[in-house]
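Since the structure comes first, as structure tokens, the remarks are kept for the end.
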Amino acid sequence: EMVMWMVKSEKILIQGLSKTNTGNFMGFAVGGPFMHNHTLAVYNSGLTGDATGKLKVMFDGREILNHWDEKGNAEFEDPFLLWAARRTEWDVSMHDHDVLSIKPSINWAVGPWPKRFQQAPQGGLYYFKLPSGVEITVSGVDYMSAVIKMAPQQGQSGYCGNFNGIAEDEFEPPAPGSVPPVLVPAWNRAVGEGLEQVSDADNLFKLASPELALSAALVQQASALGVGRQEDPMMASPCKDAHSLDEAEQACVSIPDVDLRAACMADFCLTEKASVVDDAAMSGVMEERLSDGRVPLFVGHGPCIDIGGQALRAVRTKGVRIAMECQELLREVGAAIAGVVGAQLKTEGTCELVVRPGTDVHHLLDFAPSGGGWVDADLGGGVGDPH
Numbered sequence: 013e014m015v016m017w018m019v020k021s022e023k024i025l026i027q028g029l030s031k032t033n034t035g036n037f038m039g040f041a042v043g044g045p046f047m048h049n050h051t052l053a054v055y056n057s058g059l060t061g062d063a064t065g066k067l068k069v070m071f072d073g074r075e076i077l078n079h080w081d082e083k084g085n086a087e088f089e090d091p092f093l094l095w096a097a098r099r100t101e102w103d104v105s106m107h108d109h110d111v112l113s114i115k116p117s118i119n120w121a122v123g124p125w126p127k128r129f130q131q132a133p134q135g136g137l138y139y140f141k142l143p144s145g146v147e148i149t150v151s152g153v154d155y156m157s158a159v160i161k162m163a164p165q166q167g168q169s170g171y172c173g174n175f176n177g178i179a180e181d182e183f184e185p186p187a188p189g190s191v192p193p194v195l196v197p198a199w200n201r202a203v204g205e206g207l208e209q210v211s212d213a214d215n216l217f218k219l220a221s222p223e224l225a226l227s228a229a230l231v232q233q234a235s236a237l238g239v240g241r242q243e244d245p246m247m248a249s250p251c252k253d254a255h256s257l258d259e260a261e262q263a264c265v266s267i268p269d270v271d272l273r274a275a276c277m278a279d280f281c282l283t284e285k286a287s288v289v290d291d292a293a294m295s296g297v298m299e300e301r302l303s304d305g306r307v308p309l310f311v312g313h314g315p316c317i318d319i320g321g322q323a324l325r326a327v328r329t330k331g332v333r334i335a336m337e338c339q340e341l342l343r344e345v346g347a348a349i350a351g352v353v354g355a356q357l358k359t360e361g362t363c364e365l366v367v368r369p370g371t372d373v374h375h376l377l378d379f380a381p382s383g384g385g386w387v388d389a390d391l392g393g394g395v396g397d398p399h
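The opening position of the sequence shown corresponds to residue 13 in my numbering, with each subsequent residue numbered one higher.
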């Protein structure tokens, strides 16, 4: 599967997900500042092993529009952010008639474009009304068919085009011979600023859906271990069936971090033990404390350098020789001086604080470590050799 930019702009971010071997459109995800950094993802459930291939809608990690009335209809609202609806049939009072007049580049075997949305299309009809006038209409025909309606954005790029009035600079054709001639009109590649492969950190699907994050993580693990994968890699899942996956989602729903929640779901399916939820929650607490500097973190052995490759400086204490005291000193000094980034305690040595290049170490004189303070030579400008 390939995640691609449908719309990439300063405020509005929309990604699409397609099957690389067939080109089928399988899902889209929306996020960015205009959504106040909330995320919405809609995808064909076949991506996660559900043979029904129904459409699944996730908003900030929880499923919506999944409880229908007797007519198959459902609605969801987050005031001032999202109004979403599911219908079984085209509703002239809700859906945009302009959707039916779109001219596809290829006459696909599934039939004329209007048939993807009119009457009672396979998988139902979904409509999403978002901030800034963005509207998205979706049906489950041919895995997924979707139409995005929005105003052009400054600096916009992606598969929806850049809307600069120059059609020639939006796409480039596929490599000669890479696809059958009949598919060339629909196999263009978007060109423009910032359209490189979507990184894991920017992947809106993983943010919106822990289920997709779980599947992707397991595929990566299998690849790293040399484990054989199925023909469709996104089908990989430790959960033996949809019921097990639902149980895992319910058990791990309290874990706020998406990656930890995905790991919790995987462990729950593999072990069927409720205790893994407590383990994941504790991991989240530890990560939070590590990230805000409240707990010193052992990094490893070897010379210490900063992100730019410059040697960090070690400032020695005269008498701090106990690990616990060294950690307490790091907590105290690190909270007051931004340039203090770590500590080390060598065998038969004293505690040393590690500081970034350019840090004024004379501020350390405001602190008085036990055992006699600081080694004067280190405060006078000598550069230690932190390891």
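All C-beta atoms, glycine included, are put in the ideal place defined by N, C-alpha and C.
Determine the closest residue to R328 out of A380, R74 and V69, with distance taken between C-alpha atoms. Residue 328 sits at position 316 when you count from the first residue of the sequence shown. Checking every option, the nearest Cα to that of R328 belongs to A380.
Who does C9 pair with in a DSSP beta bridge? Since the displayed the chain opens at 13 and closes at 399, residue 9 lies outside it and no answer follows.
Can you tell me the Cα-Cα spacing of G28 and F40, whole angstroms? Along the sequence shown, one-based indexing puts residue 28 at 16. Along the sequence shown, one-based indexing puts residue 40 at 28. The straight-line gap from Cα to Cα measures roughly 4 angstroms.
Where V54 sits in the DSSP three-state scheme: Taking the sequence shown and counting its residues from 1, the one referred to as residue 54 is at position 42. Here V54 sits in strand by DSSP.
Would you mind giving the Cβ-Cβ distance between Q168 and V19, rounded to the nearest angstrom? I have them listed as a contact below 8 angstroms. For this step, residue 168 is matched to residue 156 along the sequence shown. For this step, residue 19 is matched to residue 7 along the sequence shown. Sure, about 6 angstroms apart at Cβ, within 8 angstroms.
So the beta strand (DSSP E) L77 belongs to, where does it begin and stop? As a working mapping, residue 77 is identified with position 65 in the sequence shown. Counting along the chain, L77 falls outside any beta strand (DSSP E), and DSSP gives it neither H nor E.
N78 to F217, Cα distance in whole Å? For the purposes of this step, residue 78 is taken as residue 66 along the sequence shown, with counting starting at 1. For the purposes of this step, residue 217 is taken as residue 205 along the sequence shown, with counting starting at 1. Their backbone Cα atoms lie some 18 angstroms apart in a straight line.
Using beta-carbon positions only, say whether V54 and M156 come within less than 9 angstroms of one another. For the purposes of this step, residue 54 is taken as residue 42 along the sequence shown, with counting starting at 1. For the purposes of this step, residue 156 is taken as residue 144 along the sequence shown, with counting starting at 1. Their beta carbons are under 9 angstroms apart, which means V54 touches M156 by this criterion.
So A326 and C338 are in contact, right, with Cβ under 8 angstroms, and what is the actual spacing, rounded? Translated into positions along the sequence shown, residue 326 becomes position 314. Translated into positions along the sequence shown, residue 338 becomes position 326. That belief does not hold up - the Cβ atoms of A326 and C338 are roughly 12 angstroms apart, past 8 angstroms.
In angstroms with no decimal places, state the Cα-to-Cα distance between A229 and S21. Mapped onto the sequence shown, residue 229 falls at position 217. Mapped onto the sequence shown, residue 21 falls at position 9. Annotation note: pLDDT 48 at A229 (below 50); position unreliable, coordinate value reported separately. About 27 angstroms.
Backbone CA spacing between W199 and P186 [nearest angstrom]: On the sequence shown, residue 199 is found 187 positions in, with the first residue counted as 1. On the sequence shown, residue 186 is found 174 positions in, with the first residue counted as 1. C-alpha separation (whole angstroms): 6 angstroms.
Using the Cβ count rule (16 or more neighbours within 10 Å means buried), how would you classify Q165? Working through the sequence shown from its first residue, we reach residue 165 at position 153. By the beta-carbon neighbour count (other beta carbons within 10 angstroms, threshold 16), Q165 is buried.
Quick one: what does DSSP say G152 is sitting in, helix, strand or coil? For the purposes of this step, residue 152 is identified with residue 140 of the sequence shown, where counting begins at 1. Correct three-state label for G152: coil.
Segments assigned beta strand (DSSP E), at least 3 residues, entirely inside the stretch 96-144: Correct list: 137-141.
Could you pull out every residue in the same chain whose Cβ sits closer than 6 angstroms to the Cβ of L391, ignoring the five residues on either side in sequence? The count along the sequence shown starts at 1 and reaches residue 391 at position 379. Closer than 6 angstroms at Cβ, skipping near neighbours: V373.
For K358 and I334, what's the separation of their Cα atoms in angstroms? By one-based count along the sequence shown, residue 358 stands at place 346. By one-based count along the sequence shown, residue 334 stands at place 322. C-alpha separation (whole angstroms): 10 angstroms.
Using only the alpha-carbon positions, how far apart do G43 and L52 sit? Counting from 1 along the sequence shown, the entry for residue 43 is found at position 31. Counting from 1 along the sequence shown, the entry for residue 52 is found at position 40. Cα to Cα, the separation comes out at about 7 angstroms.
What is the rounded straight-line gap between the Cα of G173 and the Cα of M336? Sequence index remark: in the sequence shown, residue 173 carries index 161 (1-based). Sequence index remark: in the sequence shown, residue 336 carries index 324 (1-based). Taking the straight line joining both Cα atoms gives about 58 angstroms.
Sort out for me which residues DSSP pairs T329 with in a bridge. To locate residue 329, count along the sequence shown from 1; it is residue 317. DSSP, once it has assigned bridges, lists W386 as partnering T329.
Return the CA-CA distance between L207 and P193, expressed in angstroms with no decimal places. Mapped onto the sequence shown, residue 207 falls at position 195. Mapped onto the sequence shown, residue 193 falls at position 181. Straight-line Cα distance between these residues: approximately 25 angstroms.
S235: buried (16+ other C-beta within 10 angstroms of its C-beta) or exposed? Taking the sequence shown and counting its residues from 1, one reaches residue 235 at position 223. Residue placement at S235 is flagged as unreliable, the pLDDT there being 42, under the threshold of 50; a coordinate-derived value is accordingly withheld.
The stretch 137-146 in contact with the stretch 115-128 per 3-pair CB rule at 8 angstroms: Of all C-beta pairs linking the stretch 137-146 to the stretch 115-128, fewer than three are shorter than 8 angstroms, placing the two stretches out of contact.
By a C-beta neighbour count over all protein chains shown, 10 Å radius and 16 as the cutoff for buried, is M70 buried or exposed? Position 58 of the sequence shown, counted from the start, is the residue given in the question as residue 70. With 16 or more Cβ atoms within 10 Å of its Cβ, M70 is classed as buried.
Using DSSP with H/G/I as helix, E/B as strand and the rest coil, what is M16? On the sequence shown, residue 16 is found 4 positions in, with the first residue counted as 1. Residue state, collapsed to three classes: strand.
Beta-carbon proximity list for V111, same chain, < 7 angstroms, skipping 5 on both sides: Working through the sequence shown from its first residue, we reach residue 111 at position 99. Excluding residues within five positions, the ones whose Cβ falls inside 7 angstroms are F129, T149 and V159.
Q322 versus H107: straight-line alpha-carbon distance, rounded: Residue 322 sits at position 310 when you count from the first residue of the sequence shown. Residue 107 sits at position 95 when you count from the first residue of the sequence shown. When rounded, the distance between both Cα atoms is 59 angstroms.
Under the assumption that L67 contacts Y138 (Cβ atoms under 8 angstroms), give the Cβ distance between them as a whole number of angstroms. Within the sequence shown, numbered from 1, the residue matching residue 67 stands at position 55. Within the sequence shown, numbered from 1, the residue matching residue 138 stands at position 126. With 8 angstroms as the limit, L67 and Y138 qualify as a contact, their Cβ atoms being about 6 angstroms apart.
Output the boundary residues of the beta strand (DSSP E) element that contains M70. Translated into the one-based positions of the sequence shown, residue 70 becomes position 58. Counting along the chain, the beta strand (DSSP E) containing M70 begins and ends at L67 to F71.
Nearest to S221 by alpha carbon, out of M14, M16, I76 and G383? Here the question's residue 221 lines up with position 209 in the sequence shown. Selected option, being the one with the closest Cα: I76.
Which residue wins for smallest C-alpha separation from M47, given the options E184, F37 and W95? Counting from 1 along the sequence shown, the entry for residue 47 is found at position 35. Taking M47 as reference, the option from E184, F37 and W95 with the minimal CA-CA separation is W95.
Sequence-distant residues of the same chain with beta carbon closer than 8 angstroms to G84, five excluded per side: For the purposes of this step, residue 84 is taken as the residue at position 72 of the sequence shown. The answer, listed in chain order, is R98, R99, T100 and G136.
Please list the terminal residues of the continuous alpha helix (DSSP H) segment that includes A380. For the purposes of this step, residue 380 is taken as residue 368 along the sequence shown, with counting starting at 1. Judged by DSSP secondary structure, A380 falls outside any alpha helix (DSSP H); it is assigned neither H nor E.
If you run the structure through DSSP and keep just helix, strand and coil, what is R343? Along the sequence shown, read from residue 1 onward, the residue named residue 343 stands at position 331. The DSSP-derived three-state label of R343 is helix.
Should I26 be labelled buried (16 or more other beta-carbon atoms within 10 Å of its own) or exposed? Position 14 of the sequence shown, counted from the first residue, corresponds to residue 26. Buried, since its Cβ has 16 or more Cβ neighbours within 10 Å.
Looking only at its own chain, which residues have a Cβ that is under 8 angstroms from the Cβ of E87, when we skip the five neighbours before and after it? Counting from 1 along the sequence shown, the entry for residue 87 is found at position 75. Short of 8 angstroms from the beta carbon of E87, and not among the five residues preceding or following it, lie these beta carbons of its own chain, in chain order: L77, W95, A96, A97 and R98.
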